[in-house]
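Worksheet: the structure to be examined is printed underneath.
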Amino acid sequence: MSSSESNDQSQPAYKSRLRELHPSTRAILAGYASKFSERSVKPPLFRTSTFEFSSAEEGRQFFQRAYHLPGDDGKEPGLIYSRLNNPNVEIWEDKMVAIENGAAFAAAFPSGMSAISTTLLALLPVGARILYTDPVYGGTYFFLEHFGERFGYSARAVDTSDLSAVESALDNSPQPYDMVFLETPSNPSMTITDIQAVVQLIRTRNGARTLIAVDNTFLGPVFQHPFLQGVDLVFYSATKFLGGHSDLIAGIVLAGEGRGKDLIGVIRDFRTILGGTLAADTAWMLTRSLETCWLRMERQAEKATKVATALAQHPKVERVLFPGLLSENDGPSYVTYKKQCTGPGSMITFYLKDAGFKEASRFLDAVKICHLAVSLGGTESLIEHPRTMTHSDMSEDDLERCKITNSMIRLSVGLESSKDLVRDLFDALDQI
Ligand SMILES: *Cc1c(COP(=O)(O)O)cnc(C)c1O
Numbered sequence: 001m002s003s004s005e006s007n008d009q010s011q012p013a014y015k016s017r018l019r020e021l022h023p024s025t026r027a028i029l030a031g032y033a034s035k036f037s038e039r040s041v042k043p044p045l046f047r048t049s050t051f052e053f054s055s056a057e058e059g060r061q062f063f064q065r066a067y068h069l070p071g072d073d074g075k076e077p078g079l080i081y082s083r084l085n086n087p088n089v090e091i092w093e094d095k096m097v098a099i100e101n102g103a104a105f106a107a108a109f110p111s112g113m114s115a116i117s118t119t120l121l122a123l124l125p126v127g128a129r130i131l132y133t134d135p136v137y138g139g140t141y142f143f144l145e146h147f148g149e150r151f152g153y154s155a156r157a158v159d160t161s162d163l164s165a166v167e168s169a170l171d172n173s174p175q176p177y178d179m180v181f182l183e184t185p186s187n188p189s190m191t192i193t194d195i196q197a198v199v200q201l202i203r204t205r206n207g208a209r210t211l212i213a214v215d216n217t218f219l220g221p222v223f224q225h226p227f228l229q230g231v232d233l234v235f236y237s238a239t240k241f242l243g244g245h246s247d248l249i250a251g252i253v254l255a256g257e258g259r260g261k262d263l264i265g266v267i268r269d270f271r272t273i274l275g276g277t278l279a280a281d282t283a284w285m286l287t288r289s290l291e292t293c294w295l296r297m298e299r300q301a302e303k304a305t306k307v308a309t310a311l312a313q314h315p316k317v318e319r320v321l322f323p324g325l326l327s328e329n330d331g332p333s334y335v336t337y338k339k340q341c342t343g344p345g346s347m348i349t350f351y352l353k354d355a356g357f358k359e360a361s362r363f364l365d366a367v368k369i370c371h372l373a374v375s376l377g378g379t380e381s382l383i384e385h386p387r388t389m390t391h392s393d394m395s396e397d398d399l400e401r402c403k404i405t406n407s408m409i410r411l412s413v414g415l416e417s418s419k420d421l422v423r424d425l426f427d428a429l430d431q432i
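Just so it is clear: in the sequence shown, position 131 is 131 by full-length UniProt numbering, and no numbers are missing.
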């Protein structure tokens, strides 16, 4: 590869070859060419609210495109104002499109919830019908169950890892669903949904009418690639593994070829007017973090496998939910995990034996290396109590059904030595 070609994404040869490269290489190469910025190897930070037009005519044309006014030629509008677009945000979006297999378009947001809520507001009609994974991330649940009413949504939670439950929900719905929102593995129950099978059930009934979205925060972009299973939208809380250092809040939605262009176009219009725009500084940090995404997630998964294996053997631990511990005895979950995921990730959920809130608290107060904090996907290990923290907004019925009990603990394994982590957890288990 000649150096000028390898460094120049404007050349079609580079673009076509990019797809042949491993995503970890794309994460480093894609989205930015030094020749546009004084040959600076790393992108400069465009900390500006507004951009100068080269002429009044150019300004007129950019607005025509940005606001879809008569005469809009459908091209990218050009840089206007950082609520609409900013080079650092675009570099990160372009990198994300390059590393997510099957993605073609993206819109970045200042949080994962902003990505999810803005997308739903942009794409769903008033009175939309939504089927979603039970359980789902607490904020998503809150939006669908509490705010959704204002927009006339009817949202229904189903254990999407159970295909017969999905089938009967689809068959019993008087009208087709407008959206099916999947989260797999689910948070915090770690249930695994067969994305391809759900896509098939929906497409054979409703064709493309139903938008299918996956929140891929737990395993992607390294271990799970939902566009390859035919979904329309992929969400990330970039606060987690994409940022990877627990030092920022951000989110993104991606879409595939074909109608993905229109979907992201509408989402961007809503983003511009609702005003939830990612800051250039945060986009710059995410661009840097992406370069180590594979390194971090692969190492964290190795460490999590060791921690989960050790926990599973401890007499005070009743049960460990971790994809890497699934075996043939676990039936469909194991089969789905094997065909859909290329690694287990680093989220572990486990149940303490014979424990109520008091025992769980004693354990959580005794850990020293793991931080007692919500969030996940950082370089440091984080431990929390879903029932009273991340999922405390769920109703008693929902908590019982999803087995989010007082004895359940959620652990995000970071990059500390797995030996130190196991010792810390075992010492704390002795305190119960
Ligand atoms: C954290 C999280 C979100 C929300 O993201 P924020 O960046 O906190 O807004 C959504 N989905 C999942 C699975 C998450 O873990």
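For each residue, glycine too, the CB sits at the ideal point set by N, CA and C.
By alpha-carbon positions, which one of Leu-79, Tyr-351 and Pro-70 ends up nearest to Thr-48?
Cα-wise, what sits closest to Thr-48 is Leu-79.
Compare the C-alpha of Ala-308 against each of Glu-291, Ile-348 and Arg-299 and name the closest.
Ala-308 has its Cα closest to that of Ile-348, out of Glu-291, Ile-348 and Arg-299.
Does the Cβ-Cβ distance between His-225 and Ser-289 come in under 9 Å?
No; because the gap between Cβ atoms is not below 9 Å, this pair is not in contact.
Just to confirm, is the Cβ distance from Gly-377 to Leu-242 under 9 Å?
Contact flag set, yes.
Looking at Ala-108 and ligand 1, is the gap between the Cβ and the nearest heavy atom below 8 Å?
No, the beta carbon of Ala-108 sits no closer than 8 Å to any heavy atom of ligand 1.
Looking at C-alpha atoms only, which residue of Glu-52, Gln-64 and Gly-251 is the closest neighbour of Gly-74?
Among Glu-52, Gln-64 and Gly-251, the Cα nearest to that of Gly-74 belongs to Gln-64.
Give the C-beta separation of Ser-186 and Thr-119 to the nearest angstrom, bearing in mind that I take them to be a contact with Cβ-Cβ under 8 Å.
About 19 Å; that fails the 8 Å criterion.
Taking just the CA atoms, how far does Thr-388 sit from Asn-406?
Approximately 8 Å between the Cα atoms of the pair.
Are the CB atoms of Leu-278 and Val-89 within a distance shorter than 9 Å?
Going by C-beta atoms, Val-89 is nearer than 9 Å to Leu-278.
Using 8 Å as the cut-off, can you tell me whether the segment 367-387 makes contact with the segment 316-329, which would need three or more C-beta pairs spanning the two stretches below that distance?
With a cut-off of 8 Å, the segment 316-329 and the segment 367-387 do not count as touching, because too few Cβ pairs lie within range.
Please give me, in chain order, every unbroken run of the beta strand (DSSP E) with length at least 3 that falls completely inside the segment 323-391.
Taking only runs of at least 3 residues, the beta strand (DSSP E) segments lying wholly in the segment 323-391 are 347-352 and 382-384.
So what's Asp-8 in DSSP terms, helix, strand or just coil?
Confidence at Asp-8 is low in this model, with a pLDDT of 43, below 50, so the placement of that residue should be treated as unreliable; the coordinate-derived value is given next. Coil, per DSSP.
Determine contact between the segment 273-287 and the segment 102-120, defined as no fewer than three beta-carbon pairs at a distance below 8 Å.
Yes: at least three Cβ pairs fall under 8 Å.
How about Leu-131 and Leu-170: are their beta carbons less than 9 Å apart?
Yes, they are a contact pair.
With a cut-off of 9 Å, does the C-beta of Phe-350 fall near any C-beta of chain C?
Protein chain content of the structure displayed is limited to a single chain, and chain C is not contained in it.
Going by beta-carbon coordinates alone, are Val-180 and Thr-204 separated by less than 9 Å?
Not closer than 9 Å, so no.
Consult DSSP for Arg-156 and reduce its assignment to one of helix, strand or coil.
Three-state DSSP puts Arg-156 in a strand.
Could you check where the beta strand (DSSP E) with Glu-100 kicks off and where it finishes?
Unbroken run through Glu-100: none, as it is neither H nor E.
Looking at Ile-116: is its Cβ nearer than 9 Å to the Cβ of Phe-235?
Going by C-beta atoms, Ile-116 is nearer than 9 Å to Phe-235.
Are there any heavy atoms of ligand 1 lying less than 8 Å away from the beta-carbon of Leu-170, as far as the coordinates show?
No, the Cβ of Leu-170 stays beyond 8 Å of every heavy atom of ligand 1.
Using CA atoms only, rank isn't needed, just tell me which of Arg-362, Thr-390 and Arg-271 is closest to Phe-426.
Answer by Cα proximity: Arg-362.
Can you name, in chain order, every residue of its own chain whose Cβ lies under 8 Å from the Cβ of Ala-27, other than the five neighbours on each side?
Answer for Ala-27: Lys-95, Ala-98, Ile-99, Leu-290, Glu-291, Cys-293 and Trp-294, listed in chain order.
CB Val-161 to CB Ser-333, shorter than 9 Å?
Strictly speaking, residue 161 in this sequence is Ser, with Val absent from that position. Yes, these two residues count as a Cβ contact at 9 Å.
With Asp-215 as the anchor, note down where its beta strand (DSSP E) starts and where it stops.
Looking at the DSSP string, the run of the beta strand (DSSP E) that includes Asp-215 is 211-215.
Is the beta carbon of Gly-230 less than 9 Å from the beta carbon of Gln-196?
For Gly-230 and Gln-196, yes; Cβs fall inside 9 Å.
Go through its chain and collect everything with a Cβ distance to Gly-276's Cβ below 7 Å, but skip five positions before and after it.
Within the same chain, Gly-276 has close Cβ partners Phe-109, Pro-110, Ser-114 and Thr-118.
Here's the rule: buried if 16 or more other CB atoms are within 10 angstroms of the residue's CB, otherwise exposed. What is His-385?
His-385 should be labelled buried.
Buried or exposed for Pro-70, please, with buried defined as at least 16 other CB atoms from any protein chain shown within 10 angstroms of its CB.
It is exposed - the Cβ of Pro-70 has fewer than 16 other Cβ atoms within 10 Å.
Can you list, in chain order, the residues of its chain with a C-beta nearer than 6 Å to that of Gln-61? Leave out the 5 residues immediately preceding and following it.
Hits under 6 Å: none found.
Compute the beta-carbon to beta-carbon distance between Glu-298 and Val-222, rounded to the nearest angstrom, for a pair I have assumed lies under 8 Å.
Indeed they touch by this definition, with Cβ atoms about 7 Å apart.
From this set, Gly-345, Leu-274 and Ser-164, which residue's C-alpha is nearest Gly-220's C-alpha?
For Gly-220, the nearest C-alpha among the options comes from Gly-345.
Which residues does DSSP pair with Val-317 in a beta bridge?
According to DSSP, Val-317 bridges with Leu-352.
Measuring only the C-alpha atoms, how far is Arg-259 from Asp-72?
Using only the alpha carbons, I get a separation of about 19 Å.
Opposite Ile-252 in the DSSP bridges: which residues?
Paired residues: Ala-108 and Tyr-236.
Alpha carbons only, please: which of Cys-402, Ala-66 and Ser-34 is nearest the one belonging to Thr-272?
Nearest option by C-alpha distance: Ala-66.
Within a Cβ cutoff of 8 Å, which residues of the same chain sit near Ser-54, ignoring the five residues on either side of it in sequence?
Around Ser-54: no qualifying Cβ.
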